[in-house]
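What follows is a set of notes on a single structure, which appears directly below.
There are 2 protein chains.
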Amino acid sequence: MNYNWPRLREFVIDFGRMLGKNPTESVLFAEGGALLAALVAVDDWLPPEYAEPHPERYQQYLLHCDSQERFSVVSFVWGPNQATPIHDHRVWGLIGMLRGAETGERWSKGADGRLQADGLPQRLEPGDIDHVSPRTGDIHRVANAFADRVSISIHIYGANIGRVKRSIYHENGDVRPFISGYANRHCPNIWGIQQII
Amino acid sequence: MNYNWPRLREFVIDFGRMLGKNPTESVLFAEGGALLAALVAVDDWLPPEYAEPHPERYQQYLLHCDSQERFSVVSFVWGPNQATPIHDHRVWGLIGMLRGAETGERWSKGADGRLQADGLPQRLEPGDIDHVSPRTGDIHRVANAFADRVSISIHIYGANIGRVKRSIYHENGDVRPFISGYANRHCPNIWGIQQII
Ligand SMILES: [Fe+3]
Ligand SMILES: [Fe+3]
Ligand SMILES: [Mg+2]
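From first to last, the protein sequence lines are chains A and B.
Numbering-wise, the first sequence is residues 1 to 197 according to this note's numbering.
Numbering-wise, the second sequence is residues 1001 to 1197 according to this note's numbering.
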């Protein structure tokens, strides 16, 4: 299967250069969101090894991690009806919808410390961009919007997200430690010379 | 097969941090050479997919490329008797011997523009470090020191070496353009949480 992986290499180079200017978070979301929107605007570059659903649970495949763990690029693959638990991130995150569709519900802690839904669920369609941030809203639950097909979104985080110590929340108030890891032993080599392999 | 890939992750993080201080080339070779010496001091971390010889020619596997292409980490795998052509690099390079042994011959251009051997061939044993530099000697030929076993060295370059436009030299004076690429479609995921996989 052919895929245009140089698109991902250019994204990584451009995103890292943007981060090197030490942008404020709002500039990061604006400029990084524009770069991510361009990346997910065309669904021709994700190698098929990183688009495979797991039969029982959503999977996250690391596509690139920065040498200094300034950012990581991850493909989230949902099989039919699969969803995340309610979780946080502890770092900024950008989400770009590549294939299918997903729904995101935001949650926040009420005065009593309990979680409460924060607004209505939002649906992302291919090309749409969303973000999370410890400053403006870091807790959500994401689900495949489809019961009969795979959906994939591309996430950029301000850390090596697979090793970040974070939390999973239960509606009854329980909070549990969570370190996601990655589903993949190998990442795509996006640095070579073949245009199409 | 188990391997201790977190050693490579720590090397990448430490090497990138060192480069971030914008060292002079001599400091880079001293500090980077020490980091590389520590990496190749123990042969327990290279995933077997990146240690496979090709039956007919040496191979180079990309292990990591920096987001801004400040540096790349490559495993060179020589089958029995395999050797490189005489070549240059155009950027600084560090070489650390991991497994087996290799011989390196340096070449330089004489007054007549012809290549001439520059000193005696040098042999690298596991743990040994060498370097190349456009400033102090950038042309060499490297060969497996063994006729009956695989040798592997780990190379760090000051660019995404697989895409650098450089040259191959022939002893008769011919010079040909050379872009090496990489042998691998996938790189090791060194960023996850499992200590041994
Ligand atoms: Fe999330
Ligand atoms: Fe070389
Ligand atoms: Mg919409």
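Positions of the beta carbon are idealized from the N, C-alpha and C atoms, including for glycine.
The structure displayed is predicted, hence computed values, not measured ones.
Three-state secondary structure (DSSP) of A:Ser167: For the purposes of this step, residue 167 of chain A is taken as residue 167 along the first sequence, with counting starting at 1. Reduced to three states, the DSSP call for A:Ser167 is strand.
Unbroken alpha helix (DSSP H) run spanning B:Gly1016, endpoints: Along the second sequence, read from residue 1 onward, the residue named residue 1016 of chain B stands at position 16. Looking at the DSSP string, the run of the alpha helix (DSSP H) that includes B:Gly1016 is 1006–1019.
Spatial neighbours of B:Ser1108 in its chain, beta-carbon cut-off 8 Å, leaving aside the 5 residues before and after: Counting from 1 along the second sequence, the entry for residue 1108 of chain B is found at position 108. Excluding positions up to five away in sequence, the list reads Leu1115, Gln1116, Asp1118, Gly1137, Ile1139.
Any chain B beta carbon closer than 8 Å to A:Gly16: For the purposes of this step, residue 16 of chain A is identified with residue 16 of the first sequence, where counting begins at 1. Under the Cβ criterion of 8 Å, A:Gly16 is counted among the residues facing chain B.
Residues near B:Val1132 by beta carbon distance below 6 Å, same chain, minus five either side: Here the question's residue 1132 of chain B lines up with position 132 in the second sequence. Excluding positions up to five away in sequence, the list reads His1089, Gly1093, Asp1138.
Contacting residues, own chain, Cβ-Cβ under 7 Å from A:Ser151 (five flanking each side not counted): As a first step, residue 151 of chain A must be located in the first sequence, where it is residue number 151. Answer for A:Ser151: Trp78, Arg99, Gly100, Ala101, Glu102, Asn144, Ala145, listed in chain order.
Coarse secondary structure for A:Ile197, derived from DSSP in three states: Position 197 of the first sequence, counted from the start, is the residue given in the question as residue 197 of chain A. Residue placement at A:Ile197 is poorly supported in this model, since its pLDDT is 41, which falls under 50; the coordinates still yield a value, given next. Reduced to three states, the DSSP call for A:Ile197 is coil.
Positions along the stretch 1175–1192 of chain B whose CB lies within less than 7 Å of some CB in chain A: Those would be Ile1179, Gly1181, Tyr1182, Asn1184, Arg1185, His1186, Cys1187, Pro1188, Asn1189, Trp1191, Gly1192, in chain order.
Amino acids of chain B, ordered along the chain, whose beta-carbon sits closer than 8 Å to that of A:Ser67: Indexing the first sequence from 1 puts residue 67 of chain A at position 67. Residues of chain B passing the Cβ test: Val1012, Ile1013, Phe1015, Gly1016, His1064, Asp1066, Ser1067, Arg1070, Phe1071.
Chain B residues whose Cβ lies nearer than 7 Å to that of A:Gln59: Taking the first sequence and counting its residues from 1, one reaches residue 59 of chain A at position 59. Simply none; closest approach about 13 Å.
Residues that B:His1140 bridges to, as DSSP identifies them: Counting from 1 along the second sequence, the entry for residue 1140 of chain B is found at position 140. BP columns for B:His1140 point to B:His1087, B:Arg1106.
A:Ile214 vs A:Phe29 beta-carbon contact at 8 Å: The structure shown does not extend to residue 214 of chain A, since chain A is modelled only from 1 through 197, so no value can be given for it.
Neighbour list for B:Gly1100 in chain A, Cβ cutoff strictly below 7 Å: Position 100 of the second sequence, counted from the start, is the residue given in the question as residue 1100 of chain B. Per Cβ cutoff of 7 Å: no residues; B:Gly1100 is ~24 Å from chain A at best.
Contact list for the stretch 148–170 of chain A against chain B, Cβ threshold 7 Å: Asn160, Gly162, Arg163
Short Cβ contact (8 Å threshold) for B:Glu1162 with B:Leu1036: Indexing the second sequence from 1 puts residue 1162 of chain B at position 162. Indexing the second sequence from 1 puts residue 1036 of chain B at position 36. Glu is not the amino acid found at residue 1162 of chain B; the sequence shown has Gly there. No, Cβ-Cβ distance for B:Gly1162 and B:Leu1036 is not below 8 Å.
heavy atom of ligand 1 below 7 Å from B:Val1164 C-beta: Sequence index remark: in the second sequence, residue 1164 of chain B carries index 164 (1-based). No, ligand 1 has no heavy atom inside 7 Å of this Cβ.
Cβ-Cβ separation, A:Pro47 to A:Pro188 (assumed contact under 8 Å), whole Å: Within the first sequence, residue 188 of chain A is the residue found at index 188, counting from 1. Within the first sequence, residue 47 of chain A is the residue found at index 47, counting from 1. Contact flag correct, Cβ pair sits at about 5 Å.
A:Val142 Cβ short of 7 Å to ligand 5 heavy atom set: Looking for ligand 5 in the displayed structure turns up nothing; the ligands present are ligand 1, ligand 2 and ligand 3.
Residue burial classification, A:Gln194 (beta-carbon count within 10 angstroms, cutoff 16): Translated into positions along the first sequence, residue 194 of chain A becomes position 194. Its Cβ having fewer than 16 others within 10 Å, A:Gln194 is exposed.
Pairwise C-alpha distance: B:Arg1009 and B:Ala1041: Within the second sequence, numbered from 1, the residue matching residue 1041 of chain B stands at position 41. Within the second sequence, numbered from 1, the residue matching residue 1009 of chain B stands at position 9. Answer to the nearest angstrom: the Cα atoms are 15 Å apart.
Coarse secondary structure for A:Leu120, derived from DSSP in three states: Along the first sequence, one-based indexing puts residue 120 of chain A at 120. Three-state DSSP puts A:Leu120 in coil, outside helix and strand.
Residues near B:His1064 by beta carbon distance below 6 Å, same chain, minus five either side: For the purposes of this step, residue 1064 of chain B is taken as residue 64 along the second sequence, with counting starting at 1. For B:His1064, where only same-chain residues beyond five positions count, the Cβ hits under 6 Å are Val1012, Val1073.
Sequence-distant residues of its chain with Cβ nearer than 6 Å to B:Ile1190 (five each side left out): Within the second sequence, the letter at position 190 stands for residue 1190 of chain B. So the list reads Trp1005, Leu1008, Arg1009, once near-sequence residues are dropped.
Distance CB(B:Gly1104)-CB(B:Asp1128) smaller than 8 Å: For the purposes of this step, residue 1104 of chain B is identified with residue 104 of the second sequence, where counting begins at 1. For the purposes of this step, residue 1128 of chain B is identified with residue 128 of the second sequence, where counting begins at 1. No, the pair does not count as a contact, with Cβ atoms beyond the cut-off.
Close-in-space but distant-in-sequence residues of the same chain around B:Arg1123 (CB under 7 Å, 5 per side omitted): Your numbering for residue 1123 of chain B matches position 123 in the second sequence. So the qualifying residues of the chain are Ala1101, Thr1103, Ala1145.
Beta carbon proximity, A:Gln122 to chain B, threshold 8 Å: Along the first sequence, read from residue 1 onward, the residue named residue 122 of chain A stands at position 122. Output row for A:Gln122: interface = no.
Proximity test, Cβ basis, 8 Å: B:Gln1082 and chain A: For the purposes of this step, residue 1082 of chain B is taken as residue 82 along the second sequence, with counting starting at 1. Answer no: the Cβ-Cβ gap between B:Gln1082 and chain A never drops below 8 Å.
Where A:Gln194 meets chain B, residues with beta-carbon distance less than 8 Å: Taking the first residue of the first sequence as 1, we reach residue 194 of chain A at position 194. The answer, in chain order, is Gly1181.
Proximity of B:Gln1082 and B:Tyr1050 at Cβ, strictly below 8 Å: As a first step, residue 1082 of chain B is located in the second sequence; it is residue number 82 there, counting from the start. As a first step, residue 1050 of chain B is located in the second sequence; it is residue number 50 there, counting from the start. Taking 8 Å as the Cβ cut-off, B:Gln1082 and B:Tyr1050 do not qualify as a contacting pair.
heavy atom of ligand 1 below 7 Å from A:Val132 C-beta: Your numbering for residue 132 of chain A matches position 132 in the first sequence. Checking every heavy atom of ligand 1 against the Cβ of A:Val132, one is found closer than 7 Å.
Any non-hydrogen atom of ligand 2 within 7 Å of A:His64 CB: Indexing the first sequence from 1 puts residue 64 of chain A at position 64. No.
Sequence-distant residues of the same chain with beta carbon closer than 8 Å to B:Met1018, five excluded per side: Mapped onto the second sequence, residue 1018 of chain B falls at position 18. Once the five neighbours on either side are set aside, the close Cβ partners of B:Met1018 are Leu1028, Glu1031, Gly1032, Leu1035.
Bridge partners - B:Trp1092, DSSP secondary structure assignment: As a position in the second sequence, residue 1092 of chain B is number 92, starting the count at 1. Answer is none; B:Trp1092 lacks a bridge partner.
Which listed residue (B:Asp1044, B:Asn1184, B:Gly1192, B:Arg1185) has its alpha carbon closest to that of A:Arg185: Against the first sequence, residue 185 of chain A aligns to sequence position 185. Comparing Cα-Cα distances from A:Arg185 to each of B:Asp1044, B:Asn1184, B:Gly1192, B:Arg1185, the minimum goes to B:Gly1192.
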